[in-house]
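Q: Before we start, here is the structure in question, set down as structure tokens.
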Amino acid sequence: MKLAINGGPKVRENLFPDQNTYDEQELEAIKEVMKEGRLSGFRGNYCDEFYGGPQVQAFEEEFAEKFNVAFAIAVNSATSGLIVACGASGLNAGDETIVTPYSMTCSATAPMFYNSIPVFADVEKDHFCLDPDSIEERITDRTKVIIPVSLFGQPYDHIKINAIAKKHNLIVIEDAAQAPGAYYTGQEGWRQFAGTLGDMGVFSFNFGKHITCGEGGMIVTNNEKLAMRCRLIRNHAEAVIHGMTGEPEDFYSIAHKEYDLDNNMVGFNVRMTELDAAVMRVQLKKFDELLMQRKHNVIESDTIIHAISPISPATTRKDCVHSFYALPYLWDEEYAEGIHRDTYINAVKAELMPRATRDGEGVPIGCGYITPLYLMPLFQEEKHQCFNLTDILCGTTYLRDENYQAGSCPNCEKLWKDELFLHLYHAPNSTKEDVKDVVHAFIKVWDHREELR
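Numbering-wise, the numbering used here comes out as the position in the sequence shown, counting from 1, plus 186.
Here it is, written out as structure tokens:
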């Protein structure tokens with residue numbers, strides 16, 4: 187039997203199920219908002235509606251309760267959430283922010299909105315999150331923030347990284363876009379959820395995430411001052427002048443005393459709509475079941491490791507529970523008899539089909555995840571144009587030039603070039619039989635690997 191990449195029959199000829207988790211419940215929630223006739227409940231001045239409409243405020247309360255955190259601030263995307271959190275942390279021009287090279291670009295570019303310099307630390311070989319030792323090596327007297335990413339559903343090493351932050355008086359902003367439902371365990375059923383591990387955390391409700399309204403995000407924190415800063419930046423901070431009753435004392439005078447806020451804070455409009463919040467309130471109720479679907483499919487998918495010697499599963503951190511946004515594996519070329527990861531994975535992809543409604547994206551198996559961010563054009567050809575204000579203020583060009591060179595994060599580059607691959611076939615609506623087809627494709631290609639030489 188020939189492999190599909192060489193003209194043979196595919197393992198799977200029809201599309202895999204879509205990942206759409208909506209049903210009549212979300213539709214009814216949308217209808218209720220439409221009947222009420224208020225698609226956004228926000229106002230820019232300080233009044234009851236400064237905090238949003240009833241759906242937004244209810245969703246924030248329910249989300250905070252679900253993940254055992256004091257404050258939740260809904261926004262229009264996780265990217266916006268990271269930008270808002272960076273502003274709330276007090277970042278200024280010339281400050282440095284330690285970021286990961288192995289994530290969505292916004293995990294590293296959010297500090298740039300405040301002219302903070304992204305400094306890339308390397309990632310762990312086995313868990314792919316920021317390496318605490320690499321962070322420590324890159325801290326200077328200008329470092330103000332660390333943005334660890336809980337990647338693929340794996341919580342970052344909050345014990346070591348938070349200790350580093352405390353030692354150097356740094357703010358930790360956790361990017362938990364891919365890790366809702368992941369947590370650290372403890373005695374008597376104690377759980378500390380990803381997203382709540384740092385000073386602030388950010389979640390994503392983008393299409394394809396664990397729960398979704400298409401777009402949307404949430405910032406969480408246990409710090410009341412940081413929460414108020416986030417709410418101001420979310421909603422036209424500079425326009426919030428008067429108190430709720432219009433009394434002579436302006437809001438900023440009150441806020442300065444109670445929340446230690448500057449009087450010159452500038453905000454955005456990154457507010458969540460009532461429609462999105464209504465959908466997310468339904469999705470939140472489904473969260474546990476949707477997460478369980480992923481975990482059951484992971485168990486089925488992991489059967490490939492018993493049949494294919496070069497493949498090993500990515501390990502889960504000690505005392506942690508993974509939430510499997512993506513399903514990562516490692517490829518060992520030595521055990522693969524000299525067959526490179528990309529050659530093998532391209533052959534597997536030829537055996538399979540995309541997921542319905544996302545077929546334009548192709549087969550959802552990827553090699554290496556993403557190019558290390560510091561090698562992207564933003565930090566290469568265009569870097570001097572991007573950061574010239576910071577150069578003028580701080581004269582730190584040499585630090586950035588060194589940090590943005592190939593080889594500066596060797597673990598990340600090895601994973602990208604040779605070792606890591608991941609797939610998304612375990613996501614909701616995939617059945618046990620669907621995942622078996624995926625496993626069959628991996629085994630078929632390995633059994634006929636001589637065709638790849």
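Even for Gly, the Cβ is constructed at its ideal location relative to N, Cα and C. Note that the structure is predicted; figures quoted are calculated from it, not measured.
Tell me, to the nearest whole angstrom, how far the beta carbon of residue 355 is from that of residue 384; I am working on the premise that it is less than 8 Å.
A: Not really, about 14 Å apart at Cβ, beyond 8 Å.
Q: Identify whether residue 566 lies in helix, strand or coil by the three-state DSSP scheme.
A: If DSSP states are grouped into helix, strand and coil, residue 566 belongs with coil.
Q: Have a look at residue 418 and residue 260 and give me their C-alpha separation to the nearest angstrom.
A: When rounded, the distance between both Cα atoms is 12 Å.
Q: Rounded to a whole number of angstroms, what is the C-alpha to C-alpha distance between residue 330 and residue 262?
A: When rounded, the distance between both Cα atoms is 26 Å.
Q: By the three-class DSSP mapping on this structure, what secondary structure does residue 384 have?
A: DSSP places residue 384 in coil when its eight states are reduced to three.
Q: Could you pull out every residue in the same chain whose Cβ sits closer than 7 Å to the Cβ of residue 459, ignoring the five residues on either side in sequence?
A: 225, 226, listed in sequence order.
Q: Using the Cα positions of residue 291 and residue 299, report the straight-line distance between them to the nearest angstrom.
A: Going by the C-alpha atoms only, they are around 13 Å apart.
Q: Would you check if the distance between the CB atom of residue 211 and the CB atom of residue 394 is smaller than 8 Å?
A: The answer is no: Cβ separation not under 8 Å.
Q: Rounded to the nearest angstrom, what separates residue 361 and residue 636 at their Cα positions?
A: Distance between the alpha carbons of residue 361 and residue 636: 42 Å.
Q: If we ignore side chains and look at the alpha-carbon of each, how far apart do residue 406 and residue 589 end up?
A: Near 30 Å, if we compare the C-alpha coordinates of residue 589 and residue 406.
Q: Give the DSSP bridge partners of residue 608, in chain order.
A: Looking at the DSSP assignment, residue 608 forms a beta bridge with 514, 552.
Q: Would you mind giving the Cβ-Cβ distance between residue 555 and residue 594, rounded to the nearest angstrom? I have them listed as a contact below 8 Å.
A: Rounded, the Cβ-Cβ distance is 17 Å, inconsistent with contact.
Q: Using C-beta distances below 6 Å, list every residue in its chain close to residue 346, excluding the 5 sequence neighbours before and after it, in chain order.
A: Excluding residues within five positions, the ones whose Cβ falls inside 6 Å are 318.
Q: Pairs of beta-carbons, one from the stretch 473 to 491 and one from the stretch 613 to 628, closer than 8 Å: are there three or more?
A: With the cut-off at 8 Å, the stretch 473 to 491 and the stretch 613 to 628 touch.
Q: From residue 324 to residue 378, what distance separates their C-alpha atoms?
A: Using only the alpha carbons, I get a separation of about 28 Å.
Q: Quick one: complete alpha helix (DSSP H) runs, 4+ long, within the stretch 192 to 246?
A: Listed in chain order, the complete alpha helix (DSSP H) runs (minimum 4 residues) inside the stretch 192 to 246 are 210 to 222.
Q: Just checking my contact of residue 312 with residue 501 at CB under 8 Å: how many whole Å lie between their CB atoms?
A: Indeed they touch by this definition, with Cβ atoms about 5 Å apart.
Q: Taking the C-alpha atoms as reference points, what is the distance between residue 638 and residue 530?
A: Distance between the alpha carbons of residue 638 and residue 530 is about 8 Å.
Q: Just tell me which of 223, 353, 535, 208 has its CA closest to the CA of residue 241.
A: Residue 241 has its Cα closest to that of 223, out of 223, 353, 535, 208.
Q: What residue from 390, 337, 248 has the CA that sits closest to residue 267's CA?
A: Nearest option by C-alpha distance: 390.
Q: Taking only runs of the alpha helix (DSSP H) that begin and end inside the stretch 240 to 284, which ones reach a length of at least 4 residues, in chain order?
A: 240 to 252, 264 to 274, all fully within the stretch 240 to 284.
Q: Considering only residues of the same chain and omitting the five flanking positions on each side of residue 471, which have a CB-CB separation below 6 Å?
A: Around residue 471: no qualifying Cβ.
Q: If you reduce the DSSP assignment to three classes, tell me which class residue 478 lands in.
A: Three-state DSSP puts residue 478 in a helix.
Q: Look up residue 377 in the DSSP assignment and give the residues it is bridged to.
A: Looking at the DSSP assignment, residue 377 forms a beta bridge with 371.
Q: Quick check on the burial criterion: 16 or more other C-beta atoms within 10 angstroms. Buried or exposed for residue 256?
A: With fewer than 16 other Cβ atoms within 10 Å, it is exposed.
Q: Which residues in the same chain have their Cβ closer than 7 Å to the Cβ of residue 412, if we skip the five residues on either side of it in sequence?
A: Same-chain partners within the cutoff: 274, 385, 386.
Q: Give a yes or no on whether the C-beta atoms belonging to residue 612 and residue 551 are separated by under 8 Å.
A: The answer is no: Cβ separation not under 8 Å.
Q: Count the other CB atoms, across all protein chains shown, that sit within 10 Å of the CB of residue 490; report buried if there are 16 or more and exposed otherwise.
A: It counts as buried.
Q: Start and end of the alpha helix (DSSP H) containing residue 329?
A: No alpha helix (DSSP H) holds residue 329; the beta strand (DSSP E) holding it covers 329 to 332.
Q: Give the DSSP-derived three-state secondary structure of residue 519 in the structure shown.
A: In this structure, residue 519 counts as coil in the three-state DSSP scheme.
Q: Could you tell me which of 527, 315, 372, 388 sits nearest to residue 494, measuring between CA atoms?
A: Answer by Cα proximity: 527.
Q: Quick check on this structure: which residue in 464, 557, 229 has the alpha carbon closest to the alpha carbon of residue 171?
A: Residue 171 is absent from the model: the chain starts at 187 and stops at 639.
Q: Here's the rule: buried if 16 or more other CB atoms are within 10 angstroms of the residue's CB, otherwise exposed. What is residue 596?
A: Exposed, since its Cβ has fewer than 16 Cβ neighbours within 10 Å.
Q: Let me check one thing: in DSSP terms, what residues is residue 361 bridge-paired to?
A: Answer is 335, 388.
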